[in-house]
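According to full-length UniProt numbering, the sequence shown holds residues 1 to 633 in order. Virtual Cβ for every residue (Gly too), placed ideally from N, Cα, C. Quick notes on the structure that follows.
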Amino acid sequence: MSLIKQLWLAIILVTAIALGGSVLVSTLSARHYLEQQLAVKNIDNATSLALVLSQLPKDPVTIELQVTAQFDTGHYRRIRLADPSGQTIVERHFDGSVTEAPPWFMELVTIGVQPGIAQVQDGWKQFGTLTVESHSRYAYASLWQAARQLLAWFLAAAVLCGIVGTLVLKWITRPLNRMVEQAEAIGDRRFITTPEPNTQEFRSVVRAMNALSERVRAMLAEESRRLETLRHQVQHDELTGLFNREQFMRHLSAALARDDSQAGGVLVIARVPGLIELNQRLGRLNTNRYLCAVAEALQAATADNGGWLCARLGGSDFGLLAPAADTAEAVAMAVHAHLAAAKGAHPDIAPVLVAAGEYAPGEERPVVLSRIDGALAASEETGEPNPALVGASGKPLLRDSQEGWQQAIATALAGDGLELMRYPVRTTGGELLHHEAPLRMQVDGEWQRAGLVLPWAARLGLMADVDLHVLQLALKQLAAYPGLELAINVSADALRDGAARDRLYASIAAARELAPRLWIEVQEHSALQHQPEFRALCLMLQPLGCRLGLKHAGAELHGIEDLHELGLHHIKIDPTFITDIDASPGNQAFVRGLSTIAHSIGLLSIAEGVGRAEELATLERLGVDGMTGPAVR
């Protein structure tokens, strides 16, 4: 039984005893008062009648008439006149029981009537003894009425006490409700803190739980800092602070495999010409300073565009990856402008050569690199200072007809032009966790993968509508297949749009019984960029039972505030940490540490983009809970 119920039972019991005792004491007091009044009345009436009879002639008729007259004018149960020997001279009595009080009440509260006794004189002689006893029916009626009124008042007082008690109990137990919520959150490994209440007993408990949460928070922060330091050491160039070649190639492979609104983009390679001669002429220290200036220029270009990243590919080569960028020319000119500004401080150094090309989802990494590297080599040979531009393997670019794409996407949304694919996500033991459900869209009669369509939907501001249609399709499949669990993505556009979040909530709430089988995922970068909106989405969908998670997680996980308070269910580790992990001890240590942090706050860790059996075997011993990718069937 809950504490609230026990307190209520105690209050009801105490109130019942207090009110019941008050009614009983008041009733008994009233009965005693009535008994005293009846006794006084009997004595007074007996004395008065005896005085009258003493003055009358003592013939039987006169005496009987006087006694009868007295009996008829009062409320008597019995009047009896007896001679000195005890023989009855005259007697009148009433044995009726007509009264307003119920019999059970008269039996329960018996009124004892003390008769009045007086002597009747005949001159100097005693004529007889007069006994007068009033009837108690009126006393019972009065007592019954008083008891009912008293009970009614006490019941009204009990109701009032109940209302006041409810309000007081709610006020007193309000900290207790917060304590229960905090205890449940800690049980779910969400280490939240709550304000300390005024009640001393509650305050001690809350202080202890808050201290536990703060210790866990500090531990997670320290572990996150350590993990971020490890990640930076493994993935970044020591001199420039940019990504190193190995990590950049993993990012490029992951970008080519993407199938969402960030699929496709631009790859830029920049080269410092004549690095050996430059090193001989300027010296190693000054050359390193110049390389750092080039790196800072590239970082400035990425800082202006969220989602872009840059790396040092070798001694003189740098790379920049711009997912979902508009055109190679626009990216190349932006990079060229930043590099030109950096060269302003070194007028005697040859300009940095730049080559840029667009890549399409599904292309092979060596093909993309060789295409752009060939253009860069041609520029180096001719000495052309302007950026060299190449297309996406001779294929027509999909970003050349905005009106056509808008019409195609609108047609697909209005009709049956969307469908969901299914790719399994399994535990390390091979059990099915759920299916990822990427989108395909019908364009001109042909089904196109999401990576070719969603970048245009994002550019046209239609991603929120696409997300809602994907949700509707997922709910239909969940309703049709009772054992199915599906994971769908929420885009950054839908995340930051309050109306879109409300529409998502309304759709899931309308099919609440399906929510526990629905996995909702947001990209880590989107969650970091829109933390208030991400928190609002978590607080909105968590009560429905959805399994909320982060996708492409790892690089920026430390930047999300109060991650342990959001009620997340899982994280999916970005493929850039998974690709070739069997040959990368640093990434192995990072994934193991990331999984440990996830487990400490109750999250599942799932590896994305597992492409080879060697990667799968390595991940099985790193503590991840699940895997997905081409190698997972």
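Exposed is the label assigned to Y33, since fewer than 16 other Cβ atoms lie within 10 Å of its Cβ. Closest option to A322, judged by alpha-carbon separation, among G357, G429 and L291: G357. Rounded to whole angstroms, E64 and L56 show a C-alpha spacing of 11 Å.
For R271, the beta-bridge partners assigned by DSSP are D317 and L353.
Relative to the Cα of L160, the nearest Cα in the group A410, A515 and I11 belongs to I11.
Rounded to the nearest angstrom, the Cβ distance from R365 to S261 is 21 Å, too far for a contact under 8 Å. Taking C-alpha positions only, E524 is separated from I372 by approximately 30 Å. Proximity to T287 across V272, A388, H552 and A18 peaks at V272, based on C-alpha coordinates.
Residue pairing by DSSP places Q442 opposite W447 in a beta bridge. Burial state of E521 is buried, judged by a 10 Å Cβ sphere holding 16 or more other Cβ atoms.
Distance from the Cα of A607 is smallest, within the candidate group E620, A511 and V453, for E620. Inter-residue distance for T110 and E184 is about 59 Å (C-alpha atoms, whole angstroms). F94 sits in coil when the DSSP states are folded into three classes, being neither helix nor strand. Under the three-pair Cβ rule at 8 Å, the stretch 494-507 counts as touching the stretch 462-475. For T194, no alpha helix (DSSP H) run applies, since DSSP gives it neither H nor E. Setting aside the 5 residues that flank it on each side, H338 is surrounded in the same chain by A297, A300 and A301, each with a C-beta closer than 6 Å to its C-beta; the list follows chain order. Cα atoms of T327 and A340: separation of roughly 20 Å, rounded to the nearest angstrom. For the options P543, P516, G498 and H558, the alpha carbon positioned closest to that of F534 is the one of G498.
Of the residues E201, V453, T73 and R215, the one whose Cα lies closest to the Cα of A408 is V453. The C-beta distance from R258 to G549 rounds to 18 Å, too long to meet the 8 Å contact threshold. Exclusion of the five residues before and after D493 leaves M463 and A464 as the residues of its chain whose Cβ lies within less than 6 Å of its Cβ.
Along the stretch 462-526, the beta strand (DSSP E) occurs as fully enclosed runs of 3 or more residues at 486-490 and 518-523, listed in sequence order. The alpha carbon of S85 has as its nearest neighbour, out of F71, E615, R92 and F127, the alpha carbon of F127. For the options Q87, Q37 and T628, the alpha carbon positioned closest to that of E431 is the one of T628. Short of 6 Å from the beta carbon of M333, and not among the five residues preceding or following it, lies no beta carbon of its own chain. Around the beta carbon of R77, 16 or more other beta carbons sit within 10 angstroms, so the residue counts as buried.
Boundaries of the alpha helix (DSSP H) around Q235: Q200 to Q235.
Judged by DSSP in its simplified three-state form, Q114 adopts coil rather than helix or strand.
The stretch 590-600 makes contact with the stretch 225-234: 3 or more CB pairs, one atom from each, lie closer than 8 Å. Going by DSSP, E419 is part of the beta strand (DSSP E) stretching over L418 to L420. Beta-bridge partners of D122 (DSSP): K125. A residue is called buried when at least 16 other Cβ atoms come within 10 angstroms of its Cβ; E100 does not meet this threshold and is exposed. Between the beta-carbon of L38 and that of A139 there is about 6 Å, and that keeps the pair under the 8 Å contact cut. In this structure, D574 lies near G554, with their beta-carbon atoms less than 8 Å apart. The DSSP-derived three-state label of H135 is coil.
Sequence-distant partners of I508 (beyond 5 residues in either direction) whose C-beta falls short of 6 Å from its own C-beta, in its chain, are A515 and L544.
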